[in-house]
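Worksheet for the structure shown next.
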Amino acid sequence: MRALHSSLIKPLIRLPSPFSTPIISPSPLRKQFLYLHSSATTSLQKLTAMADNKTAAVDGNSTSDHVSDAWYSVPDLRLRDHRFIVPLDYSIDRCSSTKITVFAREVVAVGKEEQSLPYLLYLQGGPGFECPRPTEAGGWISRACEEYRIVLMDQRGTGLSTPLTPSSMSQVKSAEDLANYLRHFRADNIVHDAEFIRKRLVPDAGPWTILGQSFGGFCAVTYLSFAPKGLKQALITGGLPPIGEGCTADSVYKAGFEQLVCQNEKYYKRFPQDIEIVRDVVNYLAESGGGVPLPSGGILTPRGLQLLGLSGLGSSTGFERLHYLFERVWDPLIVQGAKRRISDYFLNAIEILFLLGDAKDLILQPILCECASSIFLYERWIGFDANPLYALLHESIYCQACMNCLIHLLFSDMKGASSLWSAQRIRALNDNKFDAIEAAKVGRPVLFTGEMIFPWIFDEVHALRPFKDAAQLLAEKKDWPSLYDIAALKENKVPVAAAVYYEDMYVNLKLSMETASQIAGIRPWITNEYMHSGLRDAGSRVFDHLLAMLNGKKPLF
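In full-length UniProt numbering, the protein residues as written are 1 to 557.
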C-alpha cells in the first residue's frame, strides 16, 4: 500500500481537543488523542482565493467575517443569504489558517422577518452535498417555519461554501496536497463552522436547535460530543452513526451487504420481469469488451451497473424508478438484422447517475423519472461530477482516532483508523452473491449494491479519474482526529429525538440502536412507516413527531 508522502508530516506530535485551544486536559469527558499535523502547502492557496474573491464581490473591500444580503422572496417564504469567512483549519491559530467561505440561507415564513424566533440549523445528508434550495413552502420547512427561523447551511466544500468540484480541485496539482486539504472537510470541522455561524447569527450567541438528516445526523452526534453548550435540542432522522474507536466502516458494510440481499429480493419480487432484463444487460456489457462508453467519457461495466442500487433500493419510490429505467434499456430494432444495443436514453440516465450523486438526501428536490434522458435526472442518482466529495470522503466519515492503536499508528504499518477501501474488502467476502457476471452466467438474479464506494469507481467514472491517487491516500490515512466522545455522550444533557427507520439501507438499525444506548436521554422513534427518505416523503409529519417527543406531547411509555 502506498505510504503518506513524508514531506507532508511534521515531526511534531500535538494533543489538541477538537473544539478548544490545543492543551492537555485531564477531564474524563473529553478524551485527548494524538495525531500528526500535516502542513499546508502553497498550492492550496488557490482554493482559498475563491473565498477571498467571494467576499470582495459581496462586500467590496470589507474585512468582516460575516456578510448578509437583503431579504427576498419565494412563495410563502422570505429568505436572506449569509456568507462567513472561516478558517480552513481550526486546530491552528485562526489568523494563520487559510480561509474558506461558508454560505448559509436564513428562512422564515412571510411576515416573520422581524419576529423573535428560535433558530433551527438544518444539517444536510451526504457527505459532500449542499442544502436544498427552497422554491416554495412545503414539507418539513413549512412546518418548521411555524415556530422557527431556519438556517440552511451549505457544508464546507459544497454549494456556495467554497465548492470543491472537479474543476476547482484540478487547481491542486499534487495528490498529496489535495488529500491534505480534504482532511478538513469532515464532521468535526462542519460543527466548528456551525458554531462559528451560531455565535454571529443567533442573538446573544444563544443555543439553537439542530435537525440532522442522514450524514447530517452524524454531524449532530459530533456536535453533541464536543459543543453541546451550543445546542437547545437535537432532532435526527436516519442518522445515528457508529461511534466506536478506530474505523467502523467494516461493521457498517457487513451489515449493509446483509440488508442489500433483502432489498434485492424485495425488488425482484415486486418486478420479477426485471430478473431477465438485468441479466441480459450484464451479459451484453461483459461481451462488449467488459463495458460500453458513457457520453462523459466514462465506462458502464457490469459492476458499475450494480451501483444503481444506491438510490434504487433505499428510498420510498426507488423500486419504481429503477424498474421504469430498465423498461427502456434497449433500442427498438426497426431494421431487420440490426444488432441490439443499449439505448441512449438508458446511457444518459446512467450518466446522470455518475454525474451528481446520491439522491437519498436531496430532500426538497423531487426526481422526475420522465426526464431520465436529461442530465438533471442522472445527477440525482449518484452525484460524482458536481459533488465528488461524496466519493472522496465517504469511507472517512467512519474513521476516527483509536486510543488503543496510537503506539501502533505511530511506529508500525498497522491499520490504525484507516478504512483501506472497506467496502471493497467486505464485498470480496460476499462475491458469491454480488459477482454480477457469474450470476448472469448461471442464471441467478444480479444483485445491486448500495451506499458503497469502491476504488475502481475512480477508473470508470470520468469525473473522478483525476482524483484516484488522492482517494488512495485518503483510504490509507491513519491519523484521523476523533469525531465522537462516548464519555461526553453518556453525560449528555441536550434533549435528543431520533427517527430510526426499521428498513434503512443506509444507516443500519442495529448499529443505530447501539449508538442510541450510548447517548444519555435520547428518545429513539423506531418506525417501519418510512424508509431513509422519510424526511423528504413526509417531512411535516416526521418533524412534528420528533418535536412532540421532546415537548411532552408523546409520552415516554
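Glycine included, every Cβ here is placed at the ideal spot set by N, Cα and C.
Measure the beta-carbon distance from residue i to residue j and round it to whole angstroms, keeping in mind my assumption that it falls under 8 Å.
i	j	result
A313	Y267	The residue asked about is misnamed: residue 313 is Leu in this sequence, not Ala. At roughly 6 Å, the Cβ-Cβ gap stays under 8 Å, so L313 and Y267 are in contact.
G106	R133	With the sequence shown as reference, residue 106 is identified as Glu, and Gly is not the correct amino acid for it. No, E106 and R133 are not in contact; Cβ-Cβ is about 14 Å, not under 8 Å.
E129	Y390	At residue 129 the sequence reads Phe, which differs from the Glu that was named. Right, the Cβ-Cβ distance comes to about 7 Å (below 8 Å), so this counts as a contact.
G309	T158	No, G309 and T158 are not in contact; Cβ-Cβ is about 24 Å, not under 8 Å.
A255	N508	4 Å
L79	Y72	6 Å
V102	R156	6 Å
S422	A175	About 20 Å; that fails the 8 Å criterion.
N348	P293	About 12 Å separates the two Cβ atoms, so there is no contact after all.
Determine the DSSP secondary structure at residue i, reduced to helix, strand or coil.
i	result
I190	helix
I85	strand
Y90	coil
G212	strand
T527	strand
L260	helix
V252	helix
L300	strand
V202	coil
E106	strand
I243	coil
S68	strand
P118	coil
L420	coil
L511	helix
I519	coil
R536	helix
V292	strand
I350	helix
I342	strand
L123	strand
R78	strand
T42	Reliability of the predicted coordinates at T42 is poor, the pLDDT of 43 falling under 50, and the value obtained from them is presented with this limitation in mind. Correct three-state label for T42: helix.
L29	Note that L29 has pLDDT 34, beneath the 50 cutoff, so the model's placement of it is unreliable and the number below is only indicative. If DSSP states are grouped into helix, strand and coil, L29 belongs with coil.
Considering just the uninterrupted stretch of the alpha helix (DSSP H) at residue i, what are its terminal residues?
i	result
T98	No alpha helix (DSSP H) contains T98, which DSSP labels as neither H nor E.
T222	215 to 226
M153	Unbroken run through M153 is the beta strand (DSSP E), 149 to 153; no alpha helix (DSSP H).
Q233	Per DSSP, Q233 belongs to no alpha helix (DSSP H); it is in the beta strand (DSSP E), 231 to 237.
L307	From DSSP, L307 is part of no alpha helix (DSSP H); its letter is neither H nor E.
R279	274 to 287
F319	318 to 327
K168	Before going further, note that residue 168 is Ser rather than Lys in the sequence given. Taken as a continuous stretch (DSSP letters only), the alpha helix (DSSP H) holding S168 covers 166 to 169.
S142	139 to 144
L182	175 to 182
N432	431 to 434
L392	389 to 393
A487	486 to 490
Quick one: is residue i buried, meaning 16 or more other Cβ sit within 10 Å of its Cβ, or exposed?
i	result
V261	exposed
Q273	exposed
A417	buried
V110	exposed
P302	buried
K441	exposed
L546	buried
P75	exposed
K477	buried
residue 559	Examination of residue 559 is not possible in this model, given that the chain is present from 1 through 557 alone.
E114	exposed
Q259	buried
N551	exposed
V172	buried
A386	buried
N432	exposed
How far does the beta strand (DSSP E) with residue i in it extend, from its first residue to its last?
i	result
S73	72 to 74
A497	496 to 501
S540	No beta strand (DSSP E) contains S540, which is instead part of the alpha helix (DSSP H) from 539 to 551.
Check whether the Cβ of residue i sits closer than 7 Å to any heavy atom of the ligand FAD, and report yes or no.
i	result
G256	Looking for the ligand FAD in the displayed structure turns up nothing, as the structure carries no ligands at all.
Would you say residue i faces chain D, with C-beta separation under 8 Å as the test?
i	result
V172	Among the chains of the structure shown, chain D does not appear; only one protein chain is present.
Q: Any chance you could list the alpha helix (DSSP H) runs of at least 4 consecutive residues sitting entirely within the region 445 to 484, in chain order?
A: The region 445 to 484 contains these whole alpha helix (DSSP H) runs: 457 to 460, 468 to 476.
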